[in-house]
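Residue numbering for the sequence shown follows the working numbering, beginning at 4 and increasing consecutively.
What follows is a set of notes on a single structure, which appears directly below.
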Amino acid sequence: MKPFKTVTADAAEKLIADANPLILDCRELKDYRAGHIDNAMHVHEQLRDSLIKKGDKARDMLIYCYFGHASEHLAEMFCDFGFKQVYSLAGGYAGWKEHHKPTGDL
């Protein structure tokens with residue numbers, strides 16, 4: 004059993020509206036800059052390490068990548084470090100866009 008939850012684009016949108024999770028984009032920076040889920044932060048090594056050391060382990064966290072595979076690995080890692088409410092977006096950013104969900108860019 005996975006220590007995190009996998010959520011659909013619809014469930015993620017509801018989570019964002021209801022719980023104000025920390026949203027982490029683990030794609031390449033150039034892809035994050037081209038478009039991302041509103042209020043998402045690009046996960047680079049320093050941010051990841053800082054969150055592991057100082058992050059609110061009780062806060063909901065939504066993680067996504069291109070198609071949902073890399074985000075599962077990162078979600079599992081955060082769970083291993085004691086984060087309690089970790090979600091991975093099924094289908095990743097591609098699935099989010101396919102369902103016509105809101106996006107932002109830089």
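Don't be surprised by glycine CBs; every beta carbon is placed ideally from N, CA and C.
Tell me whether residue i is buried or exposed, calling it buried when 16 or more other Cβ atoms sit within 10 Å of its Cβ.
i      : result
Met64  : buried
Ser53  : exposed
Phe81  : buried
Gly107 : exposed
His47  : exposed
His102 : exposed
Ala20  : exposed
Leu50  : exposed
Ala37  : exposed
I'd like to check one pair, residue j with residue i: are the Cβ atoms closer than 8 Å?
i     : j     : result
Ala43 : Phe70 : no
Pro6  : Arg62 : no
Tyr67 : Leu92 : yes
Ile55 : Trp99 : no
Could you tell me which residues DSSP pairs with residue i in its beta bridges?
i     : result
Val46 : BP columns for Val46 are empty, so no partner.
Tyr90 : Lys8 and Leu65
His39 : Gly107
Asp28 : His45 and Tyr67
Sorted by chain position, which residues of the same chain lie with C-beta nearer than 6 Å to residue i's C-beta, five sequence neighbours on each side aside?
i     : result
Ala73 : Cys29
Tyr90 : Lys8, Val10 and Leu65
Ile26 : Ile40, Asn42, Ala43 and Leu65
Leu77 : Cys29 and Ile66
So, at 7 Å on beta carbons, what are the nonlocal neighbours of residue i in its own chain, with the 5 sequence-adjacent residues on each side left out?
i      : result
Lys60  : Gly85, Phe86 and Lys87
Lys104 : Ala12 and Glu16
Tyr35  : Asp28 and His45
Closer than 8 Å, CB to CB, is residue i near chain B or not?
i     : result
Phe70 : As a matter of chain content, chain B is missing from the structure shown, which is built from one protein chain.
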